[in-house]
Amino acid sequence: MRIVTERLILRPPTLKDAADISTNANHLDVTRYLGVVPYPYRVKDAKDFIKLRRKKAKHNPYNFGIILKHSGKLVGMIGFVSYDKFSAKAEVGYWLGKKYWRQGITVEALKAIVKFAFRKLKLVRLQADVFVENKASANLLKKIGFKKEGLKRKSARAKSTGKWHDAYVFGLLRSDVRL
30 MRIVTERLIL
40 RPPTLKDAAD
50 ISTNANHLDV
60 TRYLGVVPYP
70 YRVKDAKDFI
80 KLRRKKAKHN
90 PYNFGIILKH
100 SGKLVGMIGF
110 VSYDKFSAKA
120 EVGYWLGKKY
130 WRQGITVEAL
140 KAIVKFAFRK
150 LKLVRLQADV
160 FVENKASANL
170 LKKIGFKKEG
180 LKRKSARAKS
190 TGKWHDAYVF
200 GLLRSDVRL
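Take the sequence shown: its letters are residues 30 to 208, numbered as in our numbering.
Structure, rendered in structure tokens:
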């Protein structure tokens, strides 16, 4: 499965992407707000992640590498942390290599995922949990139309730092967006 935008291709990662994933995820500024991503992040970690995604794809096939069309490089990941077909909802998660921040890449990828979720999968709700300190991610979600719905105290521990974080819950309903 592929989703194509103006500058991006979103597709499942393959073992050939392991080096790109490792290069882009191996920065503490990237991993500090991700619950399950270690730091340092080695190629072996990327290969293990890809293999795990393949195993879980039967129940949740919606995890995509963010590929730049012009270079073919994988620069980040986006997809559903959890997916509940019966309840028509999913939790969105994403990260982007630091070298690619502030270029509108995650905005473009997230808009494509929202459109895909509501149009193709007919989901009713998307949500995202964001560590309180991660202001850039909170602002991105608001820009797309997500609403801050609440606070979960001591919600998650970042594997990269060992620190506990409170997290905001953001939600977006299909009825909130024009399709």
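Virtual Cβ for every residue (Gly too), placed ideally from N, Cα, C.
The structure presented is a predicted model; accordingly, all values stated were derived computationally and were not measured.
Secondary structure note for Asp-158: its beta strand (DSSP E) is the uninterrupted segment 154-160. The beta carbon of Leu-44 sits closer than 7 Å to the beta carbons of Lys-76, Ile-79 from its chain, once the five residues preceding and following it are set aside; these are given in chain order. Here Ala-167 has Val-159, Tyr-197 as same chain residues with Cβ atoms under 7 Å from its own Cβ, once five neighbours each way along the sequence are excluded. For Arg-82, the enclosing alpha helix (DSSP H) starts and ends at 72-85. The C-beta of Gln-156 has 16 or more other C-beta atoms within 10 Å across all chains shown, which makes the residue buried. Judged by DSSP in its simplified three-state form, Val-110 adopts strand. Every alpha helix (DSSP H) of 4 residues or more that sits fully in the segment 115-153 is shown, in chain order, as 134-144.
When the five nearest sequence neighbours on each side are left out, the beta carbons in the same chain lying within less than 8 Å of the beta carbon of His-99 are those of Arg-36, in order along the chain. Asp-205 and Ala-117 have their C-alpha atoms spaced approximately 15 Å apart. With respect to the C-alpha of Leu-63, the residue from Arg-40, Lys-127, Arg-186 having the closest C-alpha is Arg-186. Secondary structure note for Lys-183: its beta strand (DSSP E) is the uninterrupted segment 176-186. Lys-188 and Leu-57 have their C-alpha atoms some 11 Å from each other. Secondary structure at Leu-57: helix, using DSSP grouped into helix, strand and coil. Between Gly-94 and Leu-81 a beta carbon distance of about 14 Å is seen, past the 8 Å cut, so the two are scored as non-contacting. As the crow flies, the alpha-carbon of Leu-139 is around 14 Å from that of Arg-131.
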